[in-house]
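Numbering-wise, the sequence shown is residues 1 to 226 according to UniProt numbering. Following: one structure in structure tokens, then a few remarks.
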Amino acid sequence: MRLLLVEDHVPLADELLATLTRQGYAVDWLADGRDAAVQGASEPYDLIILDLGLPGRPGLEVLREWRGMGLATPVLILTARGSWAERIDGLKAGADDYLTKPFHPEELLLRIQALLRRARGLANQSQLEVAGLSLDESRQCVQQGGKDVDLTSAEFRLLRYFMLHPGQLLSKSHLAEHLYDGETERDSNVIEVHINHLRRKLGREIIETRRGQGYRFTGNAAGAVS
1 MRLLLVEDHV PLADELLATL TRQGYAVDWL ADGRDAAVQG ASEPYDLIIL
51 DLGLPGRPGL EVLREWRGMG LATPVLILTA RGSWAERIDG LKAGADDYLT
101 KPFHPEELLL RIQALLRRAR GLANQSQLEV AGLSLDESRQ CVQQGGKDVD
151 LTSAEFRLLR YFMLHPGQLL SKSHLAEHLY DGETERDSNV IEVHINHLRR
201 KLGREIIETR RGQGYRFTGN AAGAVS
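What follows is the structure, encoded as structure tokens:
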């Protein structure tokens, strides 16, 4: 999943970048509201973390502009401690959730996971469960038939994206856009390698190939290769 972090306090931004990267998210960081307004509307982010007190343009103004142009990307706003009016204004402007500073990184991760599940119609799940697979995001592994299946970080990121988009046809370029940040070279051939690894671990039929179109997560785990 590709996230945009908009935060002008550098020490906090550095901490959040490290935390989110460890959890398998591809993260772009911006510190100015003007840059955020443009990039948030033009890049295919799965979720945006938006501080409201930004240089250039206020976060609320940026959020209203995004929603005014029809941007439906989930937005989690960061607000100052005790600023109840700011939280209310943020929700009225179209924010999906808010977090008050200071906060624990674990709470941020749980809110992100909940927002991503909600955006895909999976809000009633305490963790991501699709087609007999249960993804443990804290340990970055998956359970199949009650047994843990270990994943590499790249396999985890790819499987999480597939499980959040079951049945959808996803091209290599689409997957690359959502699995890599803006600074990383995107190699669609590497994605094919990771898909083959997931098939060996979880079953040949779990991910369907559509020639010339892309891949579709079916959840049909027939015949994993030992």
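No residue lacks a Cβ here, since even glycine has one placed at the ideal position from N, Cα and C. Please read all numbers here as calculations on a predicted model, not as lab measurements.
Cβ-based neighbour list, Glu192, same chain, cut-off 8 angstroms, excluding 5 preceding and 5 following: Numbered from its first residue, the sequence shown carries residue 192 at position 192. These residues qualify, in order along the chain: Lys172.
field: Span of the alpha helix (DSSP H) around Arg87
entry: Here residue 87 corresponds to residue number 87 of the sequence shown, with the count starting at 1. It spans 84–93 - the alpha helix (DSSP H) in which Arg87 sits, taken as one unbroken run.
field: Segment limits, beta strand (DSSP E) that includes Lys147
entry: Here residue 147 refers to the residue found at position 147 when the sequence shown is read from its first residue. Run containing Lys147: 147–150, per the beta strand (DSSP E) assignment.
For Leu16, the three-state DSSP class (helix, strand or coil): Residue mapping note: residue 16 aligns to position 16 of the sequence shown, counting from 1. Correct three-state label for Leu16: helix.
task: Helix, strand or coil for Gly59, going by three-state DSSP, please let me know.
output: Sequence index remark: in the sequence shown, residue 59 carries index 59 (1-based). Correct three-state label for Gly59: helix.
- prompt: Cβ atoms of Gly94 and Arg57: under 8 angstroms apart, would you say?
  reply: In the sequence shown, the residue the question calls residue 57 occupies position 57. In the sequence shown, the residue the question calls residue 94 occupies position 94. Cβ distance not < 8 angstroms, so Arg57 and Gly94 don't count as in contact.
query: DSSP state of Arg118, grouped into three classes?
result: Taking the sequence shown and counting its residues from 1, one reaches residue 118 at position 118. Residue state, collapsed to three classes: helix.
- prompt: Which residue's Cα is closest to the Cα of Gly53: Leu30, Ala37, Pro74, Leu78?
  reply: Position 53 of the sequence shown, counting from 1, holds the residue named residue 53. Per the Cα distances, Leu78.
field: the region 202–219 contacting the region 152–171, beta-carbon criterion three pairs below 8 angstroms
entry: yes
- prompt: Beta-carbon separation of Gly90 and Leu60 under 8 angstroms?
  reply: Reading the sequence shown from its first residue, position 90 is the one you call residue 90. Reading the sequence shown from its first residue, position 60 is the one you call residue 60. Yes, Cβ-Cβ distance for Gly90 and Leu60 is below 8 angstroms.
message: For a quick check, are the C-beta atoms of Leu198 and Leu116 less than 8 angstroms apart?
response: As a first step, residue 198 must be located in the sequence shown, where it is residue number 198. As a first step, residue 116 must be located in the sequence shown, where it is residue number 116. Contact flag unset, no.
query: Does the distance from the C-beta atom of Ala26 to that of Asp148 stay below 8 angstroms?
result: Residue numbering aside, residue 26 sits at position 26 when the sequence shown is read from its first letter. Residue numbering aside, residue 148 sits at position 148 when the sequence shown is read from its first letter. Contact flag unset, no.
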